[in-house]
Each structure stands twice: as C-alpha cells, then as structure tokens.
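A.B. asks: So for the sequence shown, my numbering puts the first residue at 8; every next one is plus one.
Note that CB positions come from ideal geometry on N, CA and C, so glycine has one too.
Sharing a structure with you now.
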Amino acid sequence: MRHDIVRIAAVVSGLICAAGGLALGDLPIGRWVGEPYTLAVPTHITGAGQAHSGSLVLTLEHNRHCTITVSVANAGDEVLTFAGDTLATSYKLTGAGLVNGDADWVASSTFLTRNYDLRTVGPSDQITIWVQAAASSSRANNAGTYSASVILTASW
8 MRHDIVRIAA VVSGLICAAG GLALGDLPIG RWVGEPYTLA VPTHITGAGQ
58 AHSGSLVLTL EHNRHCTITV SVANAGDEVL TFAGDTLATS YKLTGAGLVN
108 GDADWVASST FLTRNYDLRT VGPSDQITIW VQAAASSSRA NNAGTYSASV
158 ILTASW
C-alpha cells in the first residue's frame, strides 16, 4: 500500500476581458477582480482510485452580457500533471448568472470547447470554477504537486 501524498493545484493562469463592437460613449467595462487565482484541492490523494475536488470563486465586474470561454496556453495544460504522471482531470463552471453552467463534471478536453453565457449586467457576478482530480484505479500515482492551467476569457 502506497502512502505518498499527491497534492493538487490548478492555476487559473489567465483571466481576460475582451470587448468587441464598441460604440463611442457606450464602452463596455469588464474585469476579473483579484487575479491571479490559484485553486488548491484541500484533500490530498493517498491511494489508487481516489478522487477529490476543490473550487474557487472568481469575481467578474461587468456592465454587459458576456460569454466566457475556456482555453490553454499550451496543449495539455488543462490536465493535472507532475513529472510526466497525470491525473484524470474534470472541471465545471457554475454561477447564478450563468445560463448554461455545468451541473456535472466535464472532462478536461471537453471543458476547453465550452462557451458559458452570463446574461446578467453586473455590476459584478461570482463564477465558481471547480476541478476534480482522480487517481488511476490500477496503480498509485507518483507523489508530488500536480498542476494544471486554464485561461478564462470574458467577452461581449
């Protein structure tokens, strides 16, 4: 039985607000408050087959309806990794203002294809990003701090 500890830290590496179709005198305002954000899963994985999750509340100040998209700087950044070892990684984005927030876990590769509609007009909304890490059921993962990185972009 392996008793090493797998620590998990998912970094929301970028929070971007991008405006499109601006009209002079009617400039949309948007910004993520308090970045950079780091999400740590408080319960460590100590054996094969275990899954744990954590969440982080993000605040978006805005005065227009927004679309939030998910991306990464480099292919594979969304997967929790340590020294070549990976954990099954799932995400969800929730919040009262989201029209299509996630009720269930979304595989990391699918999470990158999601667009979230925020139909409130602020002045601020809280969006919660969740990450779930699952160890292999057939073997214990290497001990260490596993990390992943995603970018959330709010645009209007």
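Check whether the Cβ atoms of Leu100 and Ile52 sit closer than 8 Å, and answer yes or no.
C.D. replies: No, they are not a contact pair.
A.B. asks: In angstroms with no decimal places, state the Cα-to-Cα distance between Arg9 and Ser145.
C.D. replies: Because Arg9 carries a pLDDT of 34, less than 50, the predicted location of this residue cannot be relied on, and the following value inherits that uncertainty. Going from the Cα of Arg9 to the Cα of Ser145 covers about 12 Å.
A.B. asks: Could you tell me which residues DSSP pairs with Leu94 in its beta bridges?
C.D. replies: Answer is none; Leu94 lacks a bridge partner.
A.B. asks: Quick one: measure Cβ to Cβ for Ser2 and Val113, integer angstroms, because I've assumed they're closer than 8 Å.
C.D. replies: Outside the displayed span of the chain (8 to 163) sits residue 2, for which this structure offers no information.
A.B. asks: Among all the DSSP beta bridges, which residues are the ones paired with Ala80?
C.D. replies: Paired residues: none, contrary to the question.
A.B. asks: Assign Ile75 to buried or exposed, taking buried as 16 or more other Cβ atoms, counted over all protein chains shown, within 10 Å of its Cβ.
C.D. replies: With 16 or more Cβ atoms within 10 Å of its Cβ, Ile75 is classed as buried.
A.B. asks: Count the other CB atoms, across all protein chains shown, that sit within 10 Å of the CB of Ala90; report buried if there are 16 or more and exposed otherwise.
C.D. replies: Burial call: exposed.
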